[in-house]
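Trainee:
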Amino acid sequence: MSEETNSLLQFLLGDMPTPRFFSEAYGKRPLHITGSPDKFAHLFALSDLNAILNFSSLLYPRVRVTDHRNTLHKYDLIDDKDRYSNNLNNELNRKKILLAIARGGTLVYDRIQECHPPLESFVDQLSEETQTRVSVNGYYTARRTQGVNVHFDRHDVFAIQIHGSKRWFYREDSHVLSRSMRHQSVPPVDENFTGWQSVLLKQGDVFYCPRGIWHFTQTEENHSAHLALGWYPLTLGDWIKKLESYPEIGELLEEYVQQPCMKGTSMQNTTALDNLINALRNEASRPFPPLTRPRPYLELE
Numbered sequence: 002m003s004e005e006t007n008s009l010l011q012f013l014l015g016d017m018p019t020p021r022f023f024s025e026a027y028g029k030r031p032l033h034i035t036g037s038p039d040k041f042a043h044l045f046a047l048s049d050l051n052a053i054l055n056f057s058s059l060l061y062p063r064v065r066v067t068d069h070r071n072t073l074h075k076y077d078l079i080d081d082k083d084r085y086s087n088n089l090n091n092e093l094n095r096k097k098i099l100l101a102i103a104r105g106g107t108l109v110y111d112r113i114q115e116c117h118p119p120l121e122s123f124v125d126q127l128s129e130e131t132q133t134r135v136s137v138n139g140y141y142t143a144r145r146t147q148g149v150n151v152h153f154d155r156h157d158v159f160a161i162q163i164h165g166s167k168r169w170f171y172r173e174d175s176h177v178l179s180r181s182m183r184h185q186s187v188p189p190v191d192e193n194f195t196g197w198q199s200v201l202l203k204q205g206d207v208f209y210c211p212r213g214i215w216h217f218t219q220t221e222e223n224h225s226a227h228l229a230l231g232w233y234p235l236t237l238g239d240w241i242k243k244l245e246s247y248p249e250i251g252e253l254l255e256e257y258v259q260q261p262c263m264k265g266t267s268m269q270n271t272t273a274l275d276n277l278i279n280a281l282r283n284e285a286s287r288p289f290p291p292l293t294r295p296r297p298y299l300e301l302e
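In terms of our numbering, the sequence shown opens at residue 2 and continues consecutively.
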């Protein structure tokens with residue numbers, strides 16, 4: 002990385018200046034950023050994925066295989082013994098994983114940065130730079146395969162293509178972020194992909210997908226490995242949940258707003274609500290506490 006790109010976010014964004022990204026793309030529209038095939042080789046490559054898969058235990062559900070319909074049950078991927086042993090066993094069989102991928106499944110590895118120091122260092126530094134929680138999942142899909150099913154994420158995603166290529170289909174459509182997708186109408190996909198736009202990500206490319214954008218993926222003539230870097234800025238809900246642990250806020254939340262045997266369904270103790278709102282306003286004027294922190298390490302001597 003050159004001195005001109007000492008910002009890790011700018012490194013991800015390539016030729017698009019960071020201020021322009023936030024004014025034109027962030028939270029508004031998908032963005033395809035082309036890059037050289039070796040751009041991310043120092044962070045993570047297919048050889049690193051293979052090393053992780055071959056020299057560590059593969060435990061469900063952190064490691065799993067999903068297809069365009071659903072996640073495969075762990076019983077299809079573990080060594081089959083008896084019902085009791087199968088229930089306790091979460092270690093996946095590598096040969097069964099490979100067979101599931103060959104049959105059209107996509108391998109998913111959650112928080113894969115924790116298995117590779119250069120990638121974790123990148124994630125920690127990016128998180129500190131952006132003051133935002135960051136996590137990375139790894140994906141591998143064989144050629145000519147549909148990846149995960151049509152869905153939207155509740156967080157922004159930077160898809161980093163580290164091997165091969167993958168086509169991303171996306172569209173804006175109605176959705177409710179706070180509701181489960183199974184209770185919402187999923188946009189249809191016909192043989193002509195009517196209503197969908199797409200980009201082909203090649204090795205070294207990045208695809209920014211804002212939260213709430215419906216999308217799915219397909220591979221064409223190449224196998225594909227990519228990293229999905231998730232961005233998790235603090236939401237209002239996150240902030241309020243954090244404040245619940247503060248003694249003052251916690252006490253205010255314990256105030257009764259309804260009295261037994263009193264008719265009427267509206268709030269009766271509006272003073273409690275006013276006190277809570279005032280306390281929240283006071284907290285809102287203070288700096289946020291550190292949102293991210295590196296995970297603890299063991300260092301034996």
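In this text, a Cβ means the ideal position worked out from N, Cα and C, and glycines have one as well.
Using a Cβ-Cβ cutoff of less than 6 Å, which residues in the same chain neighbour histidine 33 once the five nearest sequence positions on both sides are dropped?
Mentor: As a position in the sequence shown, residue 33 is number 32, starting the count at 1. Excluding positions up to five away in sequence, the list reads Val200 and Phe208.
Trainee: Check whether the stretch 126-133 and the stretch 141-152 touch, using three or more Cβ-Cβ pairs below 8 Å as the test.
Mentor: Not touching, per the Cβ criterion.
Trainee: Between the C-alpha atoms of valine 64 and methionine 268, what's the straight-line distance to the nearest angstrom?
Mentor: Residue numbering aside, residue 64 sits at position 63 when the sequence shown is read from its first letter. Residue numbering aside, residue 268 sits at position 267 when the sequence shown is read from its first letter. Their backbone Cα atoms lie some 47 Å apart in a straight line.
Trainee: Going along the chain, which residues of its own chain have a beta-carbon closer than 7 Å to the beta-carbon of methionine 263, five neighbours each way excluded?
Mentor: The count along the sequence shown starts at 1 and reaches residue 263 at position 262. Closer than 7 Å at Cβ, skipping near neighbours: Gln269.
Trainee: Given a cut-off of 8 Å on the beta-carbon distance, is the pair histidine 156 and tyrosine 233 in contact?
Mentor: Counted from its first residue, the sequence shown places residue 156 at position 155. Counted from its first residue, the sequence shown places residue 233 at position 232. It is a contact, given that the beta carbons lie within the stated cut-off.
Trainee: Can you tell me where the alpha helix (DSSP H) holding glycine 238 begins and where it ends?
Mentor: Your numbering for residue 238 matches position 237 in the sequence shown. 237-244 is the extent of the alpha helix (DSSP H) around glycine 238.
Trainee: If you draw a straight line from the alpha carbon of proline 211 to that of arginine 134, how long is it in whole angstroms?
Mentor: Along the sequence shown, read from residue 1 onward, the residue named residue 211 stands at position 210. Along the sequence shown, read from residue 1 onward, the residue named residue 134 stands at position 133. Between proline 211 and arginine 134, the C-alpha separation is close to 16 Å.
Trainee: With a CB to CB cut of under 7 Å and the five nearest residues on each side skipped, what residues in its chain are close to leucine 44?
Mentor: Here residue 44 corresponds to residue number 43 of the sequence shown, with the count starting at 1. Taken in chain order, the residues that qualify are Pro119, Leu120 and Phe123.
Trainee: Helix, strand or coil for glycine 15 per DSSP?
Mentor: Your numbering for residue 15 matches position 14 in the sequence shown. DSSP places glycine 15 in coil when its eight states are reduced to three.
Trainee: Can you check whether the CB of leucine 93 is closer than 8 Å to the CB of leucine 47?
Mentor: Walking along the sequence shown from the start, residue 47 turns up at place 46. Walking along the sequence shown from the start, residue 93 turns up at place 92. In this structure, leucine 93 does not lie closer than 8 Å to leucine 47 by Cβ.
Trainee: At the level of alpha carbons, what is the spacing between asparagine 90 and isoleucine 79?
Mentor: Translated into positions along the sequence shown, residue 90 becomes position 89. Translated into positions along the sequence shown, residue 79 becomes position 78. Approximately 7 Å, taken between the alpha carbons.
Trainee: For the beta strand (DSSP E) that aspartate 157 lies in, which residues bound it at each end?
Mentor: As a first step, residue 157 is located in the sequence shown; it is residue number 156 there, counting from the start. Element bounds for aspartate 157: 157-172.
Trainee: Can you find the residues in the same chain that come closer than 6 Å, C-beta to C-beta, to aspartate 49, ignoring five residues on each side of it along the sequence?
Mentor: Stepping through the sequence shown from its first residue, residue 49 is reached at position 48. Around aspartate 49: His117.
Trainee: Compute the beta-carbon to beta-carbon distance between asparagine 71 and valine 109, rounded to the nearest angstrom, for a pair I have assumed lies under 8 Å.
Mentor: Against the sequence shown, residue 71 aligns to sequence position 70. Against the sequence shown, residue 109 aligns to sequence position 108. 12 Å between Cβ atoms; not a contact.
Trainee: List the whole-angstrom C-beta distance separating leucine 292 from phenylalanine 159, where the pair is believed to meet the contact cut-off of C-beta under 8 Å.
Mentor: One-based indexing of the sequence shown puts residue 292 at position 291. One-based indexing of the sequence shown puts residue 159 at position 158. At roughly 18 Å, the Cβ-Cβ gap does not stay under 8 Å, so leucine 292 and phenylalanine 159 are not in contact.
Trainee: Closest to arginine 144 by CA distance: which of Asp154, Arg168, Ser136 and Asp125 is it?
Mentor: Here residue 144 is taken as the residue at index 143 of the sequence shown, counted from 1. The candidate whose alpha carbon is nearest that of arginine 144 is Arg168.
Trainee: Can you check which of these residues, Arg296, Ala273 and Ile161, is closest to aspartate 39 by C-alpha distance?
Mentor: The residue labelled residue 39 in the question sits at position 38 within the sequence shown. The residue with the shortest Cα to Cα distance from aspartate 39 is Ile161.
Trainee: Does the beta-carbon distance from threonine 142 to serine 24 come in below 8 Å?
Mentor: Along the sequence shown, read from residue 1 onward, the residue named residue 142 stands at position 141. Along the sequence shown, read from residue 1 onward, the residue named residue 24 stands at position 23. No, Cβ-Cβ distance for threonine 142 and serine 24 is not below 8 Å.
Trainee: Spatial neighbours of phenylalanine 289 within its chain, please: C-beta separation below 6 Å, excluding the five flanking residues on both sides.
Mentor: The residue you call residue 289 lines up with position 288 of the sequence shown. None.
Trainee: Leaving out five residues on either side along the sequence, give the residues of the same chain with a beta carbon under 7 Å from the beta carbon of methionine 2.
Mentor: By 1-based counting over the sequence shown, the position of residue 2 is 1. Caution is warranted here: a pLDDT of 46 is assigned to methionine 2, below 50, making its placement in the model unreliable, and the coordinate value is therefore given only provisionally. If we look at methionine 2 and ignore the five residues flanking it on each side, its Cβ neighbours are Phe12.
Trainee: Glutamine 126 lies in the alpha helix (DSSP H); which residues open and close that run?
Mentor: The residue you call residue 126 lines up with position 125 of the sequence shown. Counting along the chain, the alpha helix (DSSP H) containing glutamine 126 begins and ends at 118-131.
Trainee: In three-state DSSP terms, what is isoleucine 214?
Mentor: Sequence index remark: in the sequence shown, residue 214 carries index 213 (1-based). It is coil, neither helix nor strand.
Trainee: According to DSSP, which residues form a beta bridge with threonine 67?
Mentor: Locating residue 67 in the sequence shown gives position 66, counting from the first residue. Looking at the DSSP assignment, threonine 67 forms a beta bridge with Thr72 and Thr107.
Trainee: Could you tell me how far apart the beta carbons of isoleucine 250 and alanine 280 are, in whole angstroms, since I believe they sit closer than 8 Å?
Mentor: Residue numbering aside, residue 250 sits at position 249 when the sequence shown is read from its first letter. Residue numbering aside, residue 280 sits at position 279 when the sequence shown is read from its first letter. About 6 Å; that satisfies the 8 Å criterion.
Trainee: Who pairs with serine 199 in a beta bridge, going by DSSP?
Mentor: Mapped onto the sequence shown, residue 199 falls at position 198. Its beta-bridge partners are Phe170.
Trainee: Just confirm the distance between the C-beta atoms of glycine 205 and glycine 28, as a whole number of angstroms; I'd bet it's less than 8 Å.
Mentor: In the sequence shown, counting from the first residue as 1, residue 205 sits at position 204. In the sequence shown, counting from the first residue as 1, residue 28 sits at position 27. The pair is not a contact, with the Cβ atoms about 25 Å apart (cut-off 8 Å).
Trainee: Can you say whether aspartate 191 is buried or exposed, counting buried as having 16 or more other CB atoms within 10 angstroms of its CB?
Mentor: Position 190 of the sequence shown, counting from 1, holds the residue named residue 191. It is exposed - the Cβ of aspartate 191 has fewer than 16 other Cβ atoms within 10 Å.
Trainee: Which partner residues does valine 177 have in the DSSP bridge list?
Mentor: In the sequence shown, the residue the question calls residue 177 occupies position 176. Note: valine 177 sits in no beta bridge, so no partner.
Trainee: So, using beta-carbon positions, are valine 66 and glycine 106 closer together than 8 Å?
Mentor: Numbered from 1 along the sequence shown, position 65 holds the residue referred to as residue 66. Numbered from 1 along the sequence shown, position 105 holds the residue referred to as residue 106. Yes, these two residues count as a Cβ contact at 8 Å.
Trainee: With respect to 7 Å, is the separation between the Cβ of proline 118 and the closest non-hydrogen atom of the ligand SAM below this value?
Mentor: In the structure shown, the ligand SAM is absent, as is every other ligand, since no ligand is present at all.
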